[in-house]
Amino acid sequence: MIRKKAKTQKESGKSQQTRALLFDTAISLFQKKGYDETTMRTIAKKAGLAVGASYYHFKTKEEIVLEFYRRTQEEANIQNMEFSKTEFDLKTRVKNIVRFKLGQFQGYEKFLHVLARSGGDPKHPLSPFSEETRQIREDAISIFRDAIRDSKDSISADLKEDLPFLFWLFQLGMIYVWLFDESPHKKKTDLLLEKGLDLIFQLLKLSSLPLFRSVRKSVLSMIDLFKK
Numbered sequence: 003m004i005r006k007k008a009k010t011q012k013e014s015g016k017s018q019q020t021r022a023l024l025f026d027t028a029i030s031l032f033q034k035k036g037y038d039e040t041t042m043r044t045i046a047k048k049a050g051l052a053v054g055a056s057y058y059h060f061k062t063k064e065e066i067v068l069e070f071y072r073r074t075q076e077e078a079n080i081q082n083m084e085f086s087k088t089e090f091d092l093k094t095r096v097k098n099i100v101r102f103k104l105g106q107f108q109g110y111e112k113f114l115h116v117l118a119r120s121g122g123d124p125k126h127p128l129s130p131f132s133e134e135t136r137q138i139r140e141d142a143i144s145i146f147r148d149a150i151r152d153s154k155d156s157i158s159a160d161l162k163e164d165l166p167f168l169f170w171l172f173q174l175g176m177i178y179v180w181l182f183d184e185s186p187h188k189k190k191t192d193l194l195l196e197k198g199l200d201l202i203f204q205l206l207k208l209s210s211l212p213l214f215r216s217v218r219k220s221v222l223s224m225i226d227l228f229k230k
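Start counting at 1 in the sequence shown, then tack on 2, and there's your number in the numbering used here.
1. Considering only C-alpha positions, which residue in the set 156, 155, 119, 168 is nearest to residue 139?
2. Start and end of the alpha helix (DSSP H) containing residue 74?
3. Give me the Cβ distance between residue 96 and residue 149, rounded to the nearest whole Å; I'm assuming they're in contact under 8 Å.
4. Specify, as a first and last residue, the run of the alpha helix (DSSP H) that residue 209 falls within.
5. Taking a contact to mean a Cβ-Cβ separation below 8 Å, would you say residue 42 touches residue 63 in this structure?
6. Going by DSSP, what residue range makes up the alpha helix (DSSP H) through residue 55?
7. Does the Cβ-Cβ distance between residue 124 and residue 134 come in under 8 Å?
8. Any idea if residue 67 is buried or exposed, counting beta-carbon neighbours within 10 angstroms, 16 or more meaning buried?
9. So does the region 68-81 actually touch the region 36-56, counting three or more Cβ pairs closer than 8 Å?
10. Can at least three beta-carbon pairs, one atom from the region 172-189 and one from the region 97-113, be found at a separation below 8 Å?
11. Please classify residue 90 as buried or exposed, where buried requires at least 16 neighbouring CB atoms within 10 angstroms.
12. I need the DSSP call for residue 162, collapsed to helix, strand or coil.
13. Determine the contact status of residue 98 and residue 145, defining contact as a CB-CB distance below 8 Å.
14. When DSSP labels each residue in this structure, what does residue 157 get in the three-state scheme?
15. Along the chain, where does the alpha helix (DSSP H) that runs through residue 92 open and close?
16. Label residue 130 either buried or exposed according to how many other C-beta atoms from any shown protein chain fall within 10 Å of its C-beta, with 16 as the threshold for buried.
17. Since residue 33 and residue 113 are thought to touch, with beta carbons under 8 Å apart, how far apart are those beta carbons, to the nearest angstrom?
18. Determine the direct distance from the alpha carbon of residue 65 to that of residue 56, and round the result to whole angstroms.
Set out below in structure tokens:
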């Protein structure tokens, strides 16, 4: 039996550098030329690498976009943890999560339109609802679960289960609005974010009243059907 030679630290470091170079080159080309116009061959050539070498790190353009999503989500998790150390108001926490995500996407609007195109088809690998994005989706939902966990707001037990998913859907909607917002300084997005959160938290307060308990159960039942 032939044993595989273990990679040295130097080889591993060089591989990581090559991967980072391909990633940075691809994201830059996606933004300048457009996602559809950029090919894996173009990315490899711009990075000064052989096409075969690029396929070792990323087999498709979709894998590069998924890496972008993963990286931004990791940054968002860290930022939310730090923010939540001193802020315990749930509405403020949720607003911070959404605004930070939009800030991360600033400057990448041109190639992120692929998200808007693929979003409605759960079979597309880049759809937020696809199997390929499952872990990224779960991580994105978990950040809202963390925001709820030790907030000062009182949330009923049944709502705590599905509220993170609803917040994530709201964030997704805000990303779509932001991508196509042509108002000066994205003022339309800011206004919808504020008013949207006001409405959500007003509904949360109403849902806690005994009179609305049956309505809340019906809504939660519909959410379960949607998630299946």
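Ideal Cβ positions, reconstructed from N, Cα and C, are used throughout, including at glycine.
Just so it is clear, the structure is predicted and the values come from calculations on it, not from any experiment.
Working from what's here:
1. Answer by Cα proximity: 168.
2. 63-86 is the extent of the alpha helix (DSSP H) around residue 74.
3. Yes, they are in contact, since the Cβ atoms of residue 96 and residue 149 sit about 6 Å apart, within 8 Å.
4. That run of the alpha helix (DSSP H) goes 189-209.
5. Yes; because the gap between Cβ atoms is below 8 Å, this pair is in contact.
6. Run containing residue 55: 53-59, per the alpha helix (DSSP H) assignment.
7. In this structure, residue 134 does not lie closer than 8 Å to residue 124 by Cβ.
8. Residue environment: residue 67 is assigned as buried (16 or more neighbouring CB atoms within 10 Å of its CB, all protein chains considered).
9. Here the region 68-81 makes no contact with the region 36-56; the two share fewer than three CB pairs at distances below 8 Å.
10. Yes, the region 172-189 touches the region 97-113.
11. Exposed, by the Cβ-count rule.
12. In the three-state reduction of the DSSP assignment, residue 162 falls in the helix class, which pools H, G and I.
13. No, the Cβ-Cβ distance between residue 98 and residue 145 is not below 8 Å.
14. For residue 157, the secondary structure class from DSSP, reduced to helix, strand or coil, is coil.
15. Unbroken alpha helix (DSSP H) run through residue 92: 92-107.
16. Buried: at least 16 other Cβ atoms inside 10 Å.
17. Under the criterion of beta carbons closer than 8 Å, residue 33 and residue 113 qualify as touching, at roughly 5 Å.
18. Their Cα atoms are separated by approximately 12 Å.
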